Amino acid sequence: MKNTKLFKLLAVVIAVIMVVGVMAACSKATDADKGVTEAVADAANNADNGDSDDTIYRTLDQIKKSGSIKIGVFSDKNPFGYVDENGKYQGYDVYFARRIAEDLGVEVEFVSTEAANRVEALQTGKVDIILANFTVTEERAQQVDFALPYMNVALGVVSPSDKVITELSQIGTDDAVIVISGTTAEIYLEENNPEITLKKYDTYSDAKTAFENGQGVAWANDNTEVIAYANTVDGYTVGIPKLGSDDTIAPAVTKGNESLLNWINDEIKALADEQFFHKDYEETLVDTYGKDYEEELVVEGGVIK
202 MKNTKLFKLL AVVIAVIMVV GVMAACSKAT DADKGVTEAV ADAANNADNG DSDDTIYRTL
262 DQIKKSGSIK IGVFSDKNPF GYVDENGKYQ GYDVYFARRI AEDLGVEVEF VSTEAANRVE
322 ALQTGKVDII LANFTVTEER AQQVDFALPY MNVALGVVSP SDKVITELSQ IGTDDAVIVI
382 SGTTAEIYLE ENNPEITLKK YDTYSDAKTA FENGQGVAWA NDNTEVIAYA NTVDGYTVGI
442 PKLGSDDTIA PAVTKGNESL LNWINDEIKA LADEQFFHKD YEETLVDTYG KDYEEELVVE
502 GGVIK
């Protein structure tokens, strides 16, 4: 692997030397020299980072030097990540994101993301961290590096209160279940209940609209989200509060970005001393879930009880 990267770097350098030679022969000094030099530096930096051809990340030191950190969050998933009436990001994940930036001593730049493009956003360097209700799975852990968890989660199913779905066996062959593409609900149902027809939507808002318009007999998503939905929208009931296994929500960074990953893990551990995630819950989630769910959902210090 190291030899391959070295050969790639040498190829870049040789190409640069050829370009510079042509430019020198023409006796024309332009700003292209600077661009070429920067290309060499970027190639060397990527080789040092251990990046693959299509994976880019910024180390902890690079983020600090830049003065800002890019964090991917949802913009339409109240109460976890959403944009309020004043155009500001709010929610459980956003509250944590702001604390990360504060403790790093940098500004936070929120990047709106959808469930299906969370991995891509990391791999292409669009964001440094994903804090978008990202459930930890073995498949995803092969593509990104997860930090310690900060929330418990399972899958749940919500349906109209006049036709509550309490078992998946109630879903007929002519019925459909709404899911969001790229979520664990989609993966679970495709693997365990392939007989169920799924209607897939890219965004939370589109899925919500389709569900309310009767495009499906039920909506499967994280139980935290369907419980929040049923608690805030009249006429709907969570008939299946837990589907499949218990899982966790955690921050994710680009695969191989050890410096940032280690810092986040240390941060999560340190925040336990002040019960940060309980404060986060009480600031952002208690109006939706009440106090009864707090101990069930919150994870402090990355320790699952």
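For the sequence shown, the numbering used here gives the first residue as 202, with consecutive numbering after it.
Glycine included, C-beta positions come from ideal geometry on N, C-alpha and C.
Note that the structure is predicted; figures quoted are calculated from it, not measured.
Do you know how far the Cα of S313 is from the Cα of F335?
Along the sequence shown, one-based indexing puts residue 335 at 134. Along the sequence shown, one-based indexing puts residue 313 at 112. Rounded to whole angstroms, F335 to S313 spans 14 Å at the Cα level.
Alpha carbon to alpha carbon, what distance is there between D481 and Y293?
For the purposes of this step, residue 293 is identified with residue 92 of the sequence shown, where counting begins at 1. For the purposes of this step, residue 481 is identified with residue 280 of the sequence shown, where counting begins at 1. Their backbone Cα atoms lie some 6 Å apart in a straight line.
Pull up the distance between the alpha-carbon of K456 and that of E392, whole angstroms please.
For the purposes of this step, residue 456 is taken as residue 255 along the sequence shown, with counting starting at 1. For the purposes of this step, residue 392 is taken as residue 191 along the sequence shown, with counting starting at 1. If I take the Cα positions, the gap works out to 26 Å.
Under 8 Å between the Cβ atoms of V380 and L399?
Sequence index remark: in the sequence shown, residue 380 carries index 179 (1-based). Sequence index remark: in the sequence shown, residue 399 carries index 198 (1-based). Yes, Cβ-Cβ distance for V380 and L399 is below 8 Å.
Would you kindly report the start and end of the unbroken beta strand (DSSP E) that includes I264?
Residue mapping note: residue 264 aligns to position 63 of the sequence shown, counting from 1. No beta strand (DSSP E) contains I264, which is instead part of the alpha helix (DSSP H) from 261-267.
With distances taken Cα to Cα, identify the nearest neighbour of L472 among V499, I441, V307, E368.
On the sequence shown, residue 472 is found 271 positions in, with the first residue counted as 1. Nearest of V499, I441, V307, E368 to L472, Cα basis: V499.
In three-state DSSP terms, what is F335?
Locating residue 335 in the sequence shown gives position 134, where the first residue counts as 1. Coil, per DSSP.
Residues in its own chain within less than 8 Å of K229 by CB, not counting five upstream and five downstream?
Here residue 229 corresponds to residue number 28 of the sequence shown, with the count starting at 1. Note on K229: pLDDT 40, under 50, position unreliable in the model; the coordinate value appears next. Answer for K229: no residue qualifies.
Mind checking whether F454 and G357 have CB atoms under 8 Å apart?
Start at 1 with the first residue of the sequence shown, and residue 454 comes out as number 253. Start at 1 with the first residue of the sequence shown, and residue 357 comes out as number 156. The displayed chain sequence assigns Val, not Phe, to residue 454. Contact: no.
Name the DSSP bridge partner or partners of N422?
Taking the first residue of the sequence shown as 1, we reach residue 422 at position 221. Looking at the DSSP assignment, N422 forms a beta bridge with G357.
Can you check the stretch 352-403 for any beta strand (DSSP E) of at least 3 residues that lies completely inside it and give the ranges in chain order?
For the stretch 352-403, whole beta strand (DSSP E) runs of length 3 or above, ordered along the chain, are 352-361, 377-381, 398-402.
Which residue marks the beginning of the beta strand (DSSP E) containing L486, and which one marks its end?
Here residue 486 is taken as the residue at index 285 of the sequence shown, counted from 1. It is not in any beta strand (DSSP E) - L486 carries neither H nor E in the DSSP assignment.
Going by Cα to Cα distance, which pick from E310, V284, D407, L349 is closest to I272?
The residue you call residue 272 lines up with position 71 of the sequence shown. Among E310, V284, D407, L349, the Cα nearest to that of I272 is on E310.
For Y405 and D262, what's the separation of their Cα atoms in angstroms?
On the sequence shown, residue 405 is found 204 positions in, with the first residue counted as 1. On the sequence shown, residue 262 is found 61 positions in, with the first residue counted as 1. So the alpha carbons of these two residues sit roughly 34 Å apart.
Can A355 and K443 be called in contact, C-beta distance under 8 Å?
Your numbering for residue 355 matches position 154 in the sequence shown. Your numbering for residue 443 matches position 242 in the sequence shown. The answer is yes: Cβ separation under 8 Å.
Report buried or exposed for K278, applying the criterion of at least 16 other Cβ atoms within 10 angstroms of its Cβ.
Looking up residue 278 in the sequence shown gives position 77. The residue is buried, with at least 16 neighbouring Cβ atoms inside 10 Å.
Could you check which residue in E387, Q344, V434 has the C-alpha nearest to that of S360?
Working through the sequence shown from its first residue, we reach residue 360 at position 159. For the residues E387, Q344, V434, the minimum Cα distance to S360 belongs to V434.
Around the C-beta of G503, are 16 or more other C-beta atoms found within 10 angstroms, so that it is buried, or is it exposed?
Residue mapping note: residue 503 aligns to position 302 of the sequence shown, counting from 1. Buried.
Alpha carbon to alpha carbon, how far is Y430 from F412?
Along the sequence shown, one-based indexing puts residue 430 at 229. Along the sequence shown, one-based indexing puts residue 412 at 211. So the two alpha carbons sit approximately 11 Å from each other.
Please name the residue or residues paired with I270 in a DSSP beta bridge.
Reading the sequence shown from its first residue, position 69 is the one you call residue 270. Answer is V309.
In angstroms, rounded to a whole number, what distance separates the CA positions of A333 and G282?
Stepping through the sequence shown from its first residue, residue 333 is reached at position 132. Stepping through the sequence shown from its first residue, residue 282 is reached at position 81. Taking the straight line from one Cα to the other gives about 7 Å.
So, is T449 buried or exposed, given that buried needs 16 or more other C-beta atoms within 10 angstroms?
Taking the first residue of the sequence shown as position 1, residue 449 is located at position 248. Buried, by the Cβ-count rule.
Compute the Euclidean distance between the alpha carbons of V307 and N414, then round it to the nearest angstrom.
Taking the first residue of the sequence shown as 1, we reach residue 307 at position 106. Taking the first residue of the sequence shown as 1, we reach residue 414 at position 213. V307 and N414: Cα-Cα distance of roughly 43 Å.
Taking all protein chains shown into account, decide if E496 is buried (16 or more other Cβ within 10 angstroms of its Cβ) or exposed.
By 1-based counting over the sequence shown, the position of residue 496 is 295. By the neighbour-count rule (16 or more Cβ atoms within 10 Å), E496 is not buried but exposed.
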